[in-house]
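Peer 1: One structure is given below, represented as C-alpha cells, and several questions about it will come after.
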Ligand code: GTP
Ligand code: SPV
Ligand code: MN
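Numbering (our numbering), first residue to last: 1 to 581.
Below, the structure is given as C-alpha cells:
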C-alpha cells in the first residue's frame, strides 16, 4: 500500500493483468529477507551452503538456458527509430507494448507479486533516482535488497518526489523463445519477461541505472556510465578518485578493490563502486561521481587469493552465489578459487572431466559492498566524489598499449568512442570476438551513440577542471598467447603513473595516439617481466594504428548524421599526426 496514487494504480493494474495470487510490498528488512530465503529453500530454488564455513551464504542454480544477459533480445523502444540508434535493437513502442501485454496477461496466476521500491544512489543524495520493480521472483527480491537501497526508505522518497522508473518483470516459464527485455526511455519504463538472471531481471542495474538513466542524463546534463569508482590514497594521506569503463568481464570489480603490491607501502585503495557510475559537473567545475548501487554482482571464476583477495575475504558470509559449483562439504567453489575441490558442478551434476567447468563462466556472487574490506564511506556521500581521472579499457590481445593518456577531453572522448574489446561470457553468444564497445556501453546506452558522443563532448564544456583521460589494456598477449602484463594488484603501478600525470610530476612520451610512460618511469620494481615486455607494452605501431583509425572512422561514420563533427575532427587530427611520423 502506498499514498502515491500513481504507484498504487499501477500496482493494482498489473496485479489485475497478471492475475497474481497475492501482492506483497517489500520493506527491505532482514526479517523479510530471511523469510524469503526460507520459502525459496523449501521450494528448492535456493540451497543453503555450509553455514559453519559460510554463514548466511546460499546458492541459486538458474535455468541452464538462462545464465547471462541476452543482447539480441534486449530492445530500446523509442517513438523515432533513429533515437535508439544502430547501437540498439529497436521496436516501435506500440508493437512492443502489445507483445509484452500478451506475455504478461495472466502470467502470475498462482504466484506472488512483489512490489520492490528501490533507490539508486545514497538515499539522501540529490543525484540519486528511484524506481519500483514489480517481480514474481523472490530471487530478484533478495538480490535487489543487496544491490540497491531497497524498501521503506526508498518508498518514502518515491512518495515525496512523486516520480519513479517503472519496471515490470516476470520469469514467465523461462522459455528463451519467449524472452524480451524492453526499455521505453520516453515513458521511464522497463518490461522484462522470461529470464531470472542478473542484468535481465535485477532491473535497477543495467536496465534502469544505464539504459534509462543514460537517456535521462542526456536530457538533464549528466552521465550514466558503466564504470567502477576507486579511491587511491598515497602514503601522505591524499585520496584521488578514478572512474574506469571496461566492458563486462574485463576487470572493473578487480580494479575497484585491488591490493597494492608489497613495493607500495602506505598506499591504500578504497572501493566506491564496481560497475556503474553516475557523474555530474559540480559548482567547482570538477566532475563528481556516485555509485548508484549498494552491492556487488561480481564474476566468481578467477576470484582467488592471488588475484582478488579482498573479494575472496568478503564472500565468506552473507553472500548469494549463482551458478557456482560446490565442494563435498557444501562450500562454494569456482575455477581459480585457489583451494578446495569441486564435487558438484553449477548444474548440480557430479563433477568430472565431462561435466567441467564446475562454475559457469558467468557465475556470480551478490554481496553488500559494505562487506568489502576496502569499502569506502565515500560511497554514501550525497554529493559523491570528485574525479581526478577517467580510464577506458578493453580486452585487446594486440595493438593497445598498457596505458595511453589523452591530450584533451575531446581526445579522451575519441579514445572512449574508439574502444573495442573481446566479447566475454557476460552475454550469450560467441566469446573472444573483438567488437567495438564505445565507453563499454555498447549493450547499455539507451539512445543513439552519435548523440551520446556529442553529449560527452558537451559535458567537457561544462567542466573547468575536467578529469584527465586515459586508455589502459591489461590483456596484451605475446606470441605464445600469454599475458604480457601481470595485471590485478600490479595494475596499481599504472594507476600511480596516471596520478603522477594528473599532478604533473612526470612527463610523458608524446605520440600521435596519446602520451606513454617514458622508459623506466612506470614502476616495475619487484616484477619479473619477460624480456622486452615493457617496450612492447608501451610501443605504438603506426601502420597498425592507421588501420585501427580507419576502422574507428568507419564505425563512427556508420551513425550518419548523428556522428558528431567534433569527434571526426579529433580523429582527423590524430590521423594527421600518425601520417607525419
Ligand atoms: P562485469 O561484472 O561483467 O561487469 O565484469 P568486471 O568488468 O567487473 O570484470 P571482473 O573484475 O569481474 O573481471 C573479469 C575477469 O577478468 C575475471 O576472470 C578476472 O579474473 C579477470 N581479470 C580482471 N582483472 C584482470 C587483470 O588485470 N589481468 C588479467 N589477466 N585478468 C583480469
Ligand atoms: C555485466 O554484464 O556488465 C554485468 C552483469 O555486470 S549483469 O548484471 O548481468 O549485467
Ligand atoms: Mn558490468
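Ideal Cβ positions, reconstructed from N, Cα and C, are used throughout, including at glycine.
Could you check whether residue 396 and residue 473 sit closer than 8 Å to each other, using their CB atoms as the reference points?
Peer 2: Yes. Within cutoff.
Peer 1: Using a threshold of 8 Å, state whether the C-beta atoms of residue 419 and residue 438 are closer than that.
Peer 2: A contact, by the Cβ cut-off of 8 Å.
Peer 1: Taking the beta carbon of residue 501 as the centre, do at least 16 other beta carbons fall within 10 Å, making it buried, or is it exposed?
Peer 2: Label assigned to residue 501: buried.
Peer 1: Quick one: using the 10 Å Cβ neighbour count with 16 as the cut-off for buried, is residue 5 buried or exposed?
Peer 2: Residue 5 should be labelled exposed.
Peer 1: With distances taken Cα to Cα, identify the nearest neighbour of residue 402 among 554, 533, 115.
Peer 2: It is 533.
Peer 1: Would you kindly check if the distance between the Cβ of residue 549 and the Cβ of residue 581 is under 8 Å?
Peer 2: It is not a contact, given that the beta carbons lie outside the stated cut-off.
Peer 1: So is residue 483 buried or exposed if we call it buried at 16+ other beta carbons inside 10 Å?
Peer 2: The residue in question, residue 483, is exposed, as its Cβ has fewer than 16 Cβ neighbours within 10 Å.
Peer 1: Is residue 51 a contact residue of the ligand GTP, with contact defined as CB to any heavy atom under 7 Å?
Peer 2: No, the beta carbon of residue 51 sits no closer than 7 Å to any heavy atom of the ligand GTP.
Peer 1: Could you tell me which uninterrupted alpha helix (DSSP H) segments, each at least 4 residues in length, are contained entirely in the region 107-163, listed from first to last along the chain?
Peer 2: Entirely contained in the region 107-163, the alpha helix (DSSP H) runs reaching 4 residues are, in chain order, 138-147, 152-161.
Peer 1: Is residue 204 a contact residue of the ligand SPV, with contact defined as CB to any heavy atom under 7 Å?
Peer 2: Answer for residue 204: no, Cβ out of range of the ligand SPV.
Peer 1: When the Cβ atoms of the region 195-204 are set against those of the region 121-139, are three or more pairs found closer than 8 Å?
Peer 2: Segments in contact, yes.
Peer 1: Specify the secondary structure class of residue 375 as computed by DSSP and reduced to three states.
Peer 2: Residue 375: strand per DSSP, three-state reduction.
Peer 1: Going by beta carbon distance, what residues of the same chain come within less than 7 Å of residue 538, once the five residues before and after it are set aside?
Peer 2: Cβ neighbours of residue 538 beyond the five flanking positions: 401, 402, 516, 517.
Peer 1: Is it buried or exposed for residue 410, if we count other Cβ within 10 angstroms and need 16 for buried?
Peer 2: Buried, since its Cβ has 16 or more Cβ neighbours within 10 Å.
Peer 1: Under 8 Å, with one C-beta from each stretch per pair, do the region 237-256 and the region 327-343 reach the 3-pair mark?
Peer 2: Flag = no, the region 237-256 and the region 327-343 do not touch.
Peer 1: Grab me the residues of residue 422's own chain with a C-beta within less than 6 Å of its C-beta, minus the 5 sequence neighbours each way, in chain order.
Peer 2: 395, 432, 434, listed in sequence order.
Peer 1: Would you call residue 51 buried or exposed, if buried means 16 or more other Cβ atoms sit within 10 Å of its Cβ?
Peer 2: Per the 10 Å Cβ criterion, exposed.
Peer 1: CB-CB under 6 Å to residue 544, same chain, minus the five flanking residues each way: which ones, in chain order?
Peer 2: Only 399 meet the Cβ criterion.
Peer 1: Pick from 566, 485, 415, 573: whose alpha carbon is nearest that of residue 531?
Peer 2: The option with the nearest alpha carbon to residue 531 is 485.
Peer 1: Can you tell me whether residue 281 is buried or exposed, with buried defined as 16 or more other CB within 10 angstroms of its CB?
Peer 2: Flag for residue 281 reads buried.
Peer 1: Which residues share a DSSP beta bridge with residue 352?
Peer 2: DSSP lists no partner for residue 352.
Peer 1: From the DSSP output, in three-state form, read off residue 471 for me.
Peer 2: Looking at residue 471 - three-state DSSP - the assignment turns out to be strand.
Peer 1: Could you give the first and the last residue of the continuous beta strand (DSSP E) run that contains residue 244?
Peer 2: Start and end: 239-245.
Peer 1: In the DSSP assignment, the beta strand (DSSP E) including residue 367 goes from what residue to what residue?
Peer 2: Residues 364-368.
Peer 1: According to DSSP, is residue 192 helix, strand or coil?
Peer 2: In the structure shown, residue 192 sits in a strand (DSSP, three-state: E or B).
Peer 1: Classify residue 222 as helix, strand or coil using the three-state DSSP reduction.
Peer 2: In the structure shown, residue 222 sits in coil (DSSP, three-state: anything other than H, G, I, E or B).
Peer 1: Does DSSP put residue 89 in a helix, in a strand, or in coil?
Peer 2: It is a strand residue.
Peer 1: What residue does the alpha helix (DSSP H) around residue 491 start on, and which one ends it?
Peer 2: Segment 491-503, the alpha helix (DSSP H) holding residue 491.
Peer 1: Out of curiosity, what's the CA-to-CA distance linking residue 475 and residue 251?
Peer 2: Rounded to whole angstroms, residue 475 to residue 251 spans 10 Å at the Cα level.
Peer 1: Any contact of the region 87-96 with the region 68-76, i.e. 3+ C-beta pairs under 8 Å?
Peer 2: These segments touch.
Peer 1: Would you decide whether residue 504 is buried or exposed? Buried here means 16 or more other CB atoms lie within 10 Å of its CB.
Peer 2: Exposed, by the Cβ-count rule.
Peer 1: Whole-angstrom Cβ separation of residue 113 and residue 121, contact assumed at under 8 Å?
Peer 2: With a Cβ gap of about 26 Å, residue 113 and residue 121 do not count as contacting.
Peer 1: Considering only the beta carbon of each residue, do residue 139 and residue 196 sit closer than 8 Å?
Peer 2: Their beta carbons are under 8 Å apart, which means residue 139 touches residue 196 by this criterion.
Peer 1: Relative to the C-alpha of residue 454, which residue among 323, 217, 61, 11 is closest?
Peer 2: Nearest option by C-alpha distance: 217.
Peer 1: Hey, residue 190 and residue 144: beta-carbon distance below 8 Å or not?
Peer 2: No; because the gap between Cβ atoms is not below 8 Å, this pair is not in contact.
Peer 1: Confirm the yes/no value for this check: CB of residue 248, any heavy atom of the ligand GTP, distance under 7 Å.
Peer 2: Yes, the Cβ of residue 248 comes within 7 Å of a heavy atom of the ligand GTP.
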